[in-house]
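Going by this note's numbering, the first residue of the sequence shown is number 107, and it counts up by one from there. Down below is the structure, laid out as structure tokens.
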Amino acid sequence: MGMSSSDHYFAEQPASNTAPTTHPVKVRKMNLMLAGDRGVFNHGDLDWGTRVLIENADVPTGGVLLDLGCGGGAIAAALAMLRPDADVWAIDVNERAREVARRTMILNGITNVRIASPDEVPEDVRFDAIWSNPPIRIGKSELHLLLEHWLARLAPNGSADLVVHKNLGSDSLATWLGSVGYRVQRRTSKQGYRILHVNR
């Protein structure tokens, strides 16, 4: 049974009843416990796109990192464990996702992640790196607005790693990013997922 139209993972308030779950996963030699719930992307388990990103993107440098569209918090948790000295932001419009991400951090004893809605991030915060499995299904125009907003907040030498399946438009997204002034390198491709490494 699919989610109702009001219960997509990018809805602010999922309509389905809450059903918390916990899933142990191993990724990049790290053992993580991931919280999950209905109406939250991944529902606790680790999808292939997120796994490809975590296992193959370069470990970012710099002190301020962002998991854009954090869902249950898998990417933020991985960033926080790879870079315990960094300040990691995890943002999502979905209120339940933020609650699940908080549970993920508690389950793993992670204390260097700030979980917030997009409008709770102060305007002056700049990111040294962004990792994201972006919400392609919100539609091309909405996705472009989302990426333009957050990529503009990269620090001067910052970069973003975005994982997108080739059947969901990784090539067209790379072309568009180039057209709006970003340098894009197509990196690892596994299970059809490509990592787009984006610089100013």
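For every residue, glycine included, the Cβ atom is placed at its ideal position computed from N, Cα and C.
Could you round the C-beta distance between residue i and residue j to whole angstroms and report it? I think they count as a contact, below 8 Å.
i: residue 232; j: residue 259; result: 6 Å
i: residue 223; j: residue 206; result: Actually they do not touch by this definition, with Cβ atoms about 14 Å apart.
i: residue 237; j: residue 267; result: 5 Å
Are the CB atoms of residue j and residue i within a distance shorter than 8 Å?
i: residue 158; j: residue 294; result: yes
i: residue 306; j: residue 262; result: yes
i: residue 134; j: residue 183; result: no
i: residue 280; j: residue 210; result: no
i: residue 235; j: residue 298; result: no
i: residue 126; j: residue 137; result: no
i: residue 288; j: residue 304; result: yes
i: residue 300; j: residue 278; result: no
i: residue 248; j: residue 286; result: no
i: residue 156; j: residue 139; result: no
i: residue 274; j: residue 290; result: no
i: residue 202; j: residue 143; result: yes
Quick check: does the Cβ of residue i come within less than 7 Å of any heavy atom belonging to the ligand MG?
i: residue 250; result: The ligand MG is absent from the structure shown, which contains no ligand whatsoever.
Here's the rule: buried if 16 or more other CB atoms are within 10 angstroms of the residue's CB, otherwise exposed. What is residue i?
i: residue 123; result: exposed
i: residue 166; result: buried
i: residue 107; result: Its pLDDT being 31, under 50, residue 107 is placed unreliably by the model, and the measurement read from it follows with that caveat. Its Cβ having fewer than 16 others within 10 Å, residue 107 is exposed.
i: residue 257; result: buried
i: residue 252; result: buried
i: residue 204; result: buried
Does chain B have any CB closer than 8 Å to the CB of residue i?
i: residue 232; result: No chain B is present in this structure, which holds just one protein chain.
In the DSSP output, what is residue i paired with across the bridge?
i: residue 183; result: Answer by DSSP bridge pairing: none, since residue 183 is not bridged.
i: residue 299; result: 271, 296
i: residue 137; result: 132
i: residue 289; result: 305
On the three-pair Cβ rule with 8 Å, is the region 186-206 touching the region 159-175?
-> Taking a cut-off of 8 Å for Cβ pairs, the region 186-206 and the region 159-175 touch, as three or more such pairs fall below it.
Are at least three pairs of beta-carbons, each pair with one atom in the region 244-261 and one in the region 152-162, less than 8 Å apart?
-> They do not touch, by the three-pair rule.
State whether the region 177-184 contacts the region 212-231, with contact taken as three or more CB pairs (one from each stretch) at a distance under 8 Å.
-> Contact holds: three or more Cβ-Cβ distances are below 8 Å.
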